[in-house]
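Q: Numbering-wise, the working numbering comes out as the position in the sequence shown, counting from 1, plus 259.
C-beta atoms are modelled at their ideal positions from N, C-alpha and C, and glycine is treated no differently.
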Amino acid sequence: MSALGHLIAARIAATGPITLADYMAECLLHPVHGYYTTREPFGTAGDFITAPEISQMFGELLGLCLAQSWADQGAAARFTLAELGPGRGTLMADILRATRGVAGFHARADVVLVEASPRLRDLQRQTLGDHPARWVDHVDALPDQPLFLVANEFFDALPIRQFQRIATGWAERVVAVRDSALGLALRPSAEPLPHDLPQGTIIETCRPGEQIAQSIAAQIARAGGVALIVDYGDWQSRGDTFQALRAHQYHDVFAAPGSADLTAHVAFGPLAAAARAAGAQATAMMTQGDLLQNLGIAARAERLGAQMTGTARDAHIRAYHRLTHPDEMGSLFKTVAFYPPDQPSPPGFDL
Ligand code: SAH
260 MSALGHLIAA
270 RIAATGPITL
280 ADYMAECLLH
290 PVHGYYTTRE
300 PFGTAGDFIT
310 APEISQMFGE
320 LLGLCLAQSW
330 ADQGAAARFT
340 LAELGPGRGT
350 LMADILRATR
360 GVAGFHARAD
370 VVLVEASPRL
380 RDLQRQTLGD
390 HPARWVDHVD
400 ALPDQPLFLV
410 ANEFFDALPI
420 RQFQRIATGW
430 AERVVAVRDS
440 ALGLALRPSA
450 EPLPHDLPQG
460 TIIETCRPGE
470 QIAQSIAAQI
480 ARAGGVALIV
490 DYGDWQSRGD
500 TFQALRAHQY
510 HDVFAAPGSA
520 DLTAHVAFGP
530 LAAAARAAGA
540 QATAMMTQGD
550 LLQNLGIAAR
560 AERLGAQMTG
570 TARDAHIRAY
580 HRLTHPDEMG
590 SLFKTVAFYP
600 PDQPSPPGFD
610 L
């Protein structure tokens with residue numbers, strides 16, 4: 260067992276089985292042994308590749324979508340340009356580069372990055388170079404002003420809980436120790452979940468995600484702005500999607516706590532419901548492929564590609580395909596935007 264595995268086993272021995280949410284939070288963000296605290300997960304040499312690391316076009320198009328929304332909403336004199344969970348900082352760097360020519364956008368923006376890992380904060384600082392930015396731990400610390408925000412593959416890292424329908428009601432799937440290894444156990448639960456589902460059904464919930472959605476949506480409803488949320492998942496939670504990824508391979512979620520990325524598919528329905536309850540509008544869910552096409556990725560790809568030759572051009576075409584094609588990220592990844600009650604939906608979502 261890893262050092263973190265021993266710590267978690269000791270905690271369970273002392274106080275009993277823990278929820279998957281507690282397990283996930285320990286594995287990802289433990290201050291000494293956590294995955295995001297200690298690892299460099301991104302890119303071909305890491306554990307997974309994200310859209311902004313595949314092509315600069317992703318950040319360019321999302322950045323222009325935010326800038327156009329800012330202009331459409333009256334070009335607020337002061338606003339927050341925020342990202343949740345910026346990883347290496349590539350997406351924000353591309354957003355800033357693509358919007359350099361938008362009159363007033365940079366001068367009026369306070370760039371704020373919401374990042375829990377001190378190590379990744381350093382990396383993001385390096386990527387942004389001398390562009391002024393500030394870091395906060397949580398969305399509740401974002402300034403009270405219009406909020407233009409992007410979150411790519413952030414919500415999938417938030418702690419989930421799993422519930423399983425059993426003969427007598429619902430049970431929670433918790434982490435226990437058996438034969439000195441970590442594994443799943445069931446514990447009766449009073450969680451208010453629908454009762455008309457067949458035995459064996461598994462439902463995942465992500466309250467931290469709903470709270471974050473509600474907080475940013477409340478800010479947008481109050482002061483204006485847009486939030487673009489991109490992630491893999493679907494409208495509703497569908498069964499067990501808790502997974503560990505290491506070196507681009509799926510692993511046992513309990514095998515090596517702290518050394519693999521742990522995620523779950525995002526359920527966009529509950530996020531949209533939380534946003535609407537907070538007074539904002541939420542768009543219909545759209546695939547990443549459709550949004551990027553609506554924002555003009557084909558034309559952008561062609562322009563960029565026209566300046567390239569040989570293997571660079573091949574890689575560029577491959578990246579375009581990877582971001583948009585239904586067999587690659589195009590359909591698995593979905594997107595939803597939040598926007599104010601009295602405003603039109605952001606570009607790309609309005610078709
Ligand atoms: N958005 C990036 C990286 C996604 S990985 C990209 O597209 O490449 C998830 C990111 O969220 C990491 O930066 C991780 O440190 C951060 N993170 C995970 N849980 C968090 C939390 N609870 N609060 C703040 N940041 C968190």
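Just to confirm the assignment: which complete alpha helix (DSSP H) runs, minimum length 4, are found wholly within the segment 506-545?
A: For the segment 506-545, whole alpha helix (DSSP H) runs of length 4 or above, ordered along the chain, are 527-536.
Q: Quick check on this structure: which residue in S590, G589, D609 has the alpha carbon closest to the alpha carbon of A596?
A: It is D609.
Q: Can you find a CB in chain C that lies within less than 8 Å of the CB of P605?
A: Here chain C cannot be found, since the structure has a single protein chain.
Q: Per the DSSP calculation, D493 is bridged to which residue(s)?
A: D493 pairs with A526.
Q: Quick one: what's got a C-beta closer than 8 Å to R367's C-beta in the same chain, skipping five residues either side?
A: Excluding positions up to five away in sequence, the list reads A334, A335, A336, R337, F338.
Q: Comparing the CB of S474 with every heavy atom of the ligand SAH, is any distance shorter than 7 Å?
A: For the ligand SAH, not one heavy atom lies less than 7 Å from the Cβ of S474.
Q: Check R337 in the structure and name its three-state DSSP category.
A: DSSP places R337 in coil when its eight states are reduced to three.
Q: Taking all protein chains shown into account, do 16 or more other C-beta atoms lie within 10 angstroms of the C-beta of E319, making it buried, or fewer, making it exposed?
A: When all chains shown are included, E319 counts as buried.
Q: Going by DSSP, what residue range makes up the beta strand (DSSP E) through L554?
A: Segment: none, L554 is in no beta strand (DSSP E) and carries neither H nor E.
Q: Excluding the five sequence neighbours on either side, which residues of its own chain have a C-beta within less than 6 Å of the C-beta of G498, listed in chain order?
A: Cβ within range, chain order: I461.
Q: The beta strand (DSSP E) spanning F407 covers which residue range?
A: 406-411 is the span of the beta strand (DSSP E), which, as asked, contains F407.
Q: Is the CB-CB distance between V512 and D490 below 8 Å?
A: The answer is no: Cβ separation not under 8 Å.
Q: When you compare each of A273, D403, L288, T309 to Q547 by their alpha carbons, which one comes out closest?
A: The option with the nearest alpha carbon to Q547 is T309.
Q: Among M316, S314, Y295, S376, which has the Cα closest to the Cα of D306?
A: If we check each option's Cα against that of D306, Y295 comes out closest.
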